[in-house]
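Asker: Let me give you the structure first, and then I'll get to my questions.
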Amino acid sequence: MAHFLEHLAFQKSRRHPDEGLFSELERMGLQSGADSNASTGLEATTYHLTLPGSDFARAEPLLAVLRDIADGLLITPKDVEQERAVVISELIARDSTAAKASRAFMRFLAPDSIAAEQWPGGTRESLETIDAADLKAFYQAHYRPEKMILVVVGDQDVDRMEAAIIKYFADFKGRGPAAPMADEAAIADLPAPPRAASHIAPGLRPMVAVNFAQDRTALLRRSIAYSGRYRVEPDDADRRDEILRQSFALDFALAAFQRRVQDLMFGADAGFSAGGASFDHIPRAAYFFGFSFTPAGDDWQKALAVLRREADRLRLYGITEAELDLMRISQKKALETAAERADTRSSGALASQILSSVASSYVFRHPRDQLADFARVADDITTDDVRMVVQGLFHAGDHGALRQPLIFVRLAESAPEDAGGKDHDAADSMDGIMAVWEEAGDQRPPPWEMAARSDFAYQSFGPPGRVIHRDEIADFGIFRLHFANHVVAQIKESDLEQNLVRFSIRVGNGLSLYHPDEAGLMLKTRQLAVLGGLGAHDFQALAAIMADQSLSVSLSIDPEGIRILGAAIVEDLPLALNYATAMLSDLAFRAEAEPLYERGVTQLYTGLRSSPQAVMQVDGLPFVLAGDRRKIGLPESLEKALAPDREAIMARIKPFLLSDFLEISLVGAIGLAEAETLLASTVGALPARAVQPAQSLPIVPTYAENGASASFTYVGEDAGSQNVLFWPVRDAIPRKQALALHLLTSVLSIKAREDVREMDGLSYAPGASWQLASSLGYRGLISLFADSDALRSDAVMKALKALLDEAADHPISDDLLDRARLPVVEQLSRWRDSNEGWLFGVLEGLSHAPDRLIAIAP
Numbered sequence: 045m046a047h048f049l050e051h052l053a054f055q056k057s058r059r060h061p062d063e064g065l066f067s068e069l070e071r072m073g074l075q076s077g078a079d080s081n082a083s084t085g086l087e088a089t090t091y092h093l094t095l096p097g098s099d100f101a102r103a104e105p106l107l108a109v110l111r112d113i114a115d116g117l118l119i120t121p122k123d124v125e126q127e128r129a130v131v132i133s134e135l136i137a138r139d140s141t142a143a144k145a146s147r148a149f150m151r152f153l154a155p156d157s158i159a160a161e162q163w164p165g166g167t168r169e170s171l172e173t174i175d176a177a178d179l180k181a182f183y184q185a186h187y188r189p190e191k192m193i194l195v196v197v198g199d200q201d202v203d204r205m206e207a208a209i210i211k212y213f214a215d216f217k218g219r220g221p222a223a224p225m226a227d228e229a230a231i232a233d234l235p236a237p238p239r240a241a242s243h244i245a246p247g248l249r250p251m252v253a254v255n256f257a258q259d260r261t262a263l264l265r266r267s268i269a270y271s272g273r274y275r276v277e278p279d280d281a282d283r284r285d286e287i288l289r290q291s292f293a294l295d296f297a298l299a300a301f302q303r304r305v306q307d308l309m310f311g312a313d314a315g316f317s318a319g320g321a322s323f324d325h326i327p328r329a330a331y332f333f334g335f336s337f338t339p340a341g342d343d344w345q346k347a348l349a350v351l352r353r354e355a356d357r358l359r360l361y362g363i364t365e366a367e368l369d370l371m372r373i374s375q376k377k378a379l380e381t382a383a384e385r386a387d388t389r390s391s392g393a394l395a396s397q398i399l400s401s402v403a404s405s406y407v408f409r410h411p412r413d414q415l416a417d418f419a420r421v422a423d424d425i426t427t428d429d430v431r432m433v434v435q436g437l438f439h440a441g442d443h444g445a446l447r448q449p450l451i452f453v454r455l456a457e458s459a460p461e462d463a464g465g466k467d468h469d470a471a472d473s474m475d476g477i478m479a480v481w482e483e484a485g486d487q488r489p490p491p492w493e494m495a496a497r498s499d500f501a502y503q504s505f506g507p508p509g510r511v512i513h514r515d516e517i518a519d520f521g522i523f524r525l526h527f528a529n530h531v532v533a534q535i536k537e538s539d540l541e542q543n544l545v546r547f548s549i550r551v552g553n554g555l556s557l558y559h560p561d562e563a564g565l566m567l568k569t570r571q572l573a574v575l576g577g578l579g580a581h582d583f584q585a586l587a588a589i590m591a592d593q594s595l596s597v598s599l600s601i602d603p604e605g606i607r608i609l610g611a612a613i614v615e616d617l618p619l620a621l622n623y624a625t626a627m628l629s630d631l632a633f634r635a636e637a638e639p640l641y642e643r644g645v646t647q648l649y650t651g652l653r654s655s656p657q658a659v660m661q662v663d664g665l666p667f668v669l670a671g672d673r674r675k676i677g678l679p680e681s682l683e684k685a686l687a688p689d690r691e692a693i694m695a696r697i698k699p700f701l702l703s704d705f706l707e708i709s710l711v712g713a714i715g716l717a718e719a720e721t722l723l724a725s726t727v728g729a730l731p732a733r734a735v736q737p738a739q740s741l742p743i744v745p746t747y748a749e750n751g752a753s754a755s756f757t758y759v760g761e762d763a764g765s766q767n768v769l770f771w772p773v774r775d776a777i778p779r780k781q782a783l784a785l786h787l788l789t790s791v792l793s794i795k796a797r798e799d800v801r802e803m804d805g806l807s808y809a810p811g812a813s814w815q816l817a818s819s820l821g822y823r824g825l826i827s828l829f830a831d832s833d834a835l836r837s838d839a840v841m842k843a844l845k846a847l848l849d850e851a852a853d854h855p856i857s858d859d860l861l862d863r864a865r866l867p868v869v870e871q872l873s874r875w876r877d878s879n880e881g882w883l884f885g886v887l888e889g890l891s892h893a894p895d896r897l898i899a900i901a902p
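The sequence shown begins at 45 in the working numbering and counts up one residue at a time.
Rendered as structure tokens:
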């Protein structure tokens with residue numbers, strides 16, 4: 045019911061009785077889906093409206109839209125019937141193998157609870173019987189001021205915005221009988237543990253999960269921010285400090301456990317490819333703490349045994365002094381960074397965080413307050429404190445009886461035994477699963493031994509490089525430096541993100557280093573470049589070195605080419621650039637990383653074709669690209685993903701990283717002088733490189749013949765279909781024509797929503813996509829797409845083709861053109877609003893496309 049009503053919220057209202065709210069929002073510059081959307085979860089429906097810019101005159105009308113949603117929806121029988129097919133289409137599209145597994149897991153944890161049985165999407169049977177009267181009654185019972193939270197975040201005058209909120213919502217009153225407020229004290233009567241179950245389905249990625257039910261009151265009182273029924277009163281200072289110590293001690297334990305898992309993954313016989321620990325809450329049912337591990341292949345028994353061993357090790361011993369020291373330093377650094385960067389947080393992310401906190405009865409707190417709390421208690425936390433708080437998760441009461449587990453095993457359905465599949469009979473019974481768990485607990489594990497940390501070995505790359513030429517692009521605030529070794533650097537100082545610098549090192553200018561059938565080589569290179577570490581440090585050693593640093597560095601091989609991407613606070617930028625430069629000069633591709641790669645990629649391919657959307661990406665797009673898989677970076681089979689050997693990887697990539705043309709772009713909180721000094725001692729100090737890209741150039745795409753068609757089948761239970769019409773732009777075109785096509789794509793996207801979704805009810809999420817690359821002369825793909833019930837695919841394709849015919853044969857109305865144009869203009873101008881926009885939309889690749897600045901000049 046709530047989800048059905050969410051769909052109707054963008055239909056007709058008292059202010060707009062003749063058209064839906066999407067049309068009004070488009071006239072404001074909001075793009076459907078990206079800027080105006082909604083979601084329904086187990087406890088609430090949330091509406092998100094994101095306005096480009098901060099002009100109050102444009103922001104105020106959004107309050108009128110939200111007021112319309114609050115009590116102005118018309119909910120006509122005609123709209124309900126029209127939207128019914130759309131809601132059912134979404135149900136089918138989202139009813140994937142993974143979604144079914146998630147529901148099975150929730151039913152296992154909390155059988156017969158409301159949350160486990162009443163999934164937000166509903167059932168086909170319920171959706172077919174709900175009528176307008178049902179929805180109006182639900183609307184009046186739940187859309188009421190006492191049940192509503194309104195969050196506004198942005199660069200606005202607070203008093204003026206408050207006055208506007210009062211103007212639009214002061215007379216908002218509930219109508220009719222109100223639904224009861226959710227009772228925070230409600231807890232389901234669940235079957236007693238131990239319990240175990242499995243869920244086996246085609247194309248499902250395996251998992252083993254072990255959970256322990258938790259005491260609700262004790263768990264909620266582990267945060268001083270909690271403000272609900274079980275809160276600790278603010279005047280109890282001693283108790284609040286004790287809660288802080290327990291909270292940070294638990295943070296330390298879980299962070300240390302995650303590092304242990306990361307170290308263990310590299311073992312040749314690790315038995316799993318990923319894992320971790322977390323808390324879970326099923327509304328009005330239960331609270332849990334638990335572990336989930338991804339098995340190697342389908343060997344769930346070994347993964348469960350490793351999980352038991354590591355859970356027992358954490359329970360028995362807590363963490364070591366060395367781990368505590370490292371976690372304390374890491375947490376402090378993270379809180380300091382969050383406090384320093386608080387004033388430049390994303391408005392959208394901040395709004396979501398505030399809403400989530402308030403809705404869950406938590407006080408949203410500023411990072412500076414959290415840092416002050418940490419400084420007050422962190423040094424007093426001991427390993428005994430950590431062990432005590434961890435043992436509280438495993439024991440009932442004051443370290444009483446050991447809590448019994450809830451064990452869930454998720455597996456892919458195997459082929460028959462004689463075809464090489466594995467027998468899952470043991471996983472089909474509770475006794476078989478519990479026997480593995482009990483046997484794994486027979487042997488007491490030894491305490492954890494943390495490897496010693498070392499200093500980063502790469503501190504010098506030779507004498508600092510010399511700048512031989514510099515340019516200033518004054519109207520953009522960009523400086524370009526040319527080093528004597530032919531490295532080109534582009535620097536943009538920006539205050540959009542406080543105390544943060546982002547950078548991109550682009551080597552060569554494309555993907556021609558790889559042949560069309562070498563997607564497997566690309567995939568394995570990308571993974572082993574990180575997992576294989578550097579010559580002087582393996583991956584685990586690097587992780588330990590970086591544990592208390594606020595930085596990230598990774599190698600990327602994507603449709604734009606081969607890049608090293610990084611971000612760091614200013615203090616840690618020297619280390620980040622040293623790391624990136626070491627990746628250029630001394631990647632190791634260690635053999636011990638291969639088992640982890642093999643386990644991970646095996647899991648990837650287990651579920652790779654389990655949904656229509658995934659198959660369209662993995663098989664449909666390569667078909668359109670005439671078999672060239674470089675653009676998606678995935679070979680067609682697991683065998684081809686595993687086939688490349690280390691020698692082939694190193695022979696291809698290392699000479700390229702060492703010698704081809706290199707462009708580095710930096711944007712963020714750094715001035716020219718400081719940036720030049722850092723770059724001179726890192727990439728500027730490397731041996732001389734190519735003056736122009738020599739080994740890796742752009743790939744001019746080839747496409748299937750016009751009129752070619754294909755259909756592909758996914759693995760697993762019915763989850764509908766994905767239907768796409770592709771239109772290749774095969775030859776270079778002027779930028780003006782490319783922008784005209786962008787505008788046409790926006791028109792088609794609106795028409796797809798209005799005709800295919802709202803009028804015909806054929807699809808939940810139809811739309812259009814524009815993917816033309818300026819670096820290729822605006823060659824690329826335009827697509828028109830829609831999901832649907834598989835039985836309605838022919839009707840959907842017919843409707844999409846009719847849209848194209850209409851666009852070709854009939855003029856576009858001025859109103860439709862304006863609704864399409866403004867969101868596109870806003871989207872194209874958003875590069876100014878973020879450092880990522882400056883980095884990837886302006887700076888990166890500027891050496892090869894200098895006319896870009898003319899195209900986007902203010």
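We put the CB at the ideal spot given by N, CA and C, even for glycine.
Bear in mind the structure is a predicted one, so any value in this text is a computation, not a measurement.
(1) Measuring straight from C-alpha to C-alpha, what distance separates L415 and T381?
(2) S755 by DSSP, collapsed to three states: which one?
(3) Cβ atoms of Q345 and V904: under 8 Å apart, would you say?
(4) What residue from P560, L640, D804 and L86 has the CA that sits closest to D904's CA?
(5) Measuring CB to CB, does A533 end up less than 8 Å from I714?
(6) Nearest to Y183 by CA position, among D115, V196, E172 and L135, is which residue?
(7) The alpha helix (DSSP H) with K180 in it runs from where to where?
(8) By DSSP's criteria, W771 is part of a beta bridge. Which residues make up the other side?
(9) My guess is that H243 and R454 are in contact by the Cβ rule of under 8 Å, so how many angstroms apart are they, rounded?
(10) Contact check, K376 vs A340 under 8 Å by CB: the rounded distance?
(11) Is M371 helix, strand or coil when you go by DSSP?
(12) For N750, is the classification buried or exposed, using 16 other Cβ atoms within 10 angstroms of its Cβ as the cut-off for buried?
(13) Considering only residues of the same chain and omitting the five flanking positions on each side of L575, which have a CB-CB separation below 7 Å?
(14) Do the stretch 687-698 and the stretch 527-542 touch if we need at least three Cβ pairs shorter than 8 Å?
(15) Who does M251 pair with in a DSSP beta bridge?
(16) Only counting runs of 4 or more residues, tell me where the alpha helix (DSSP H) segments fall wholly within the stretch 127-202, in order along the chain.
(17) Start and end of the alpha helix (DSSP H) containing F583?
(18) So, for L106: in the same chain, excluding its five sequence neighbours on each side, which residues have a beta-carbon less than 7 Å away from its beta-carbon?
(19) Could you tell me if R420 is buried or exposed, where buried requires 16 or more neighbouring beta carbons within 10 angstroms of its beta carbon?
(20) Compute the distance between the beta-carbons of L619 and L595, then report whether it is under 8 Å.
(21) So, do the stretch 135-148 and the stretch 760-772 have three or more beta carbon pairs nearer to each other than 8 Å?
(22) Ignore the nearest five residues each way along the sequence and tell me which others in D602's own chain have a CB closer than 8 Å to its CB.
(23) For the beta strand (DSSP E) containing Y502, list its first residue and its last residue.
(24) Helix, strand or coil for F213? Go by DSSP, reduced to three states.
(25) Is the beta carbon of H742 less than 8 Å from the beta carbon of S819?
(26) At the level of alpha carbons, what is the spacing between N255 and P327?
(27) Helix, strand or coil for G465? Go by DSSP, reduced to three states.
(28) Report yes or no: do three or more beta-carbon pairs, one from the stretch 159-175 and one from the stretch 120-128, lie closer than 8 Å?
(29) Candidates Q306, G218, T167 and D199: which alpha carbon is nearest G644's?
(30) For T261, is the classification buried or exposed, using 16 other Cβ atoms within 10 angstroms of its Cβ as the cut-off for buried?
(31) Would you tell me roughly how many angstroms separate the C-alpha atoms of Q397 and A580, rounded to the nearest one?
(32) Leaving out five residues before and five after Y274 in sequence, what residues of the same chain have Cβ atoms less than 7 Å from its Cβ?
(33) Can you round the beta-carbon distance between V668 and Y747 to whole angstroms, since I take them to be within the 8 Å contact cut?
(34) What's the call for S498, buried or exposed, on a 16-neighbour Cβ count within 10 Å?
(35) Is the beta carbon of A321 closer than 8 Å to that of M985?
(36) How is the alpha helix (DSSP H) around W814 delimited, first residue to last?
Answerer: Reading from the atomic positions:
(1) 10 Å
(2) coil
(3) The requested residue 904 does not occur in the structure, where the chain is confined to residues 45 to 902.
(4) Here the chain comprises residues numbered 45 to 902, so residue 904 is not present and cannot be evaluated.
(5) no
(6) D115
(7) A176 to H186
(8) I826
(9) 5 Å
(10) With 8 Å as the limit, K376 and A340 do not qualify as a contact, their Cβ atoms being about 36 Å apart.
(11) helix
(12) exposed
(13) F583, A637, L640 and Y641
(14) no
(15) R454
(16) 141-153, 158-161, 168-173 and 176-186
(17) F583 to M590
(18) L93 and L95
(19) exposed
(20) yes
(21) yes
(22) G677
(23) Counting along the chain, Y502 falls outside any beta strand (DSSP E), and DSSP gives it neither H nor E.
(24) helix
(25) A quick correction: the sequence has Pro, not His, at residue 742. Cβ distance < 8 Å, so P742 and S819 count as in contact.
(26) 16 Å
(27) Legend: pLDDT at G465 = 42, less than 50; position of this residue unreliable, value from coordinates given subsequently. G465 falls in the coil class under three-state DSSP.
(28) yes
(29) Q306
(30) exposed
(31) 41 Å
(32) T261, L264 and R265
(33) 6 Å
(34) exposed
(35) Residue coverage of the chain in this structure runs from 45 to 902, which leaves residue 985 outside it and unanswerable.
(36) First-last for W814: G811 to A817, but that is the beta strand (DSSP E), not the alpha helix (DSSP H).
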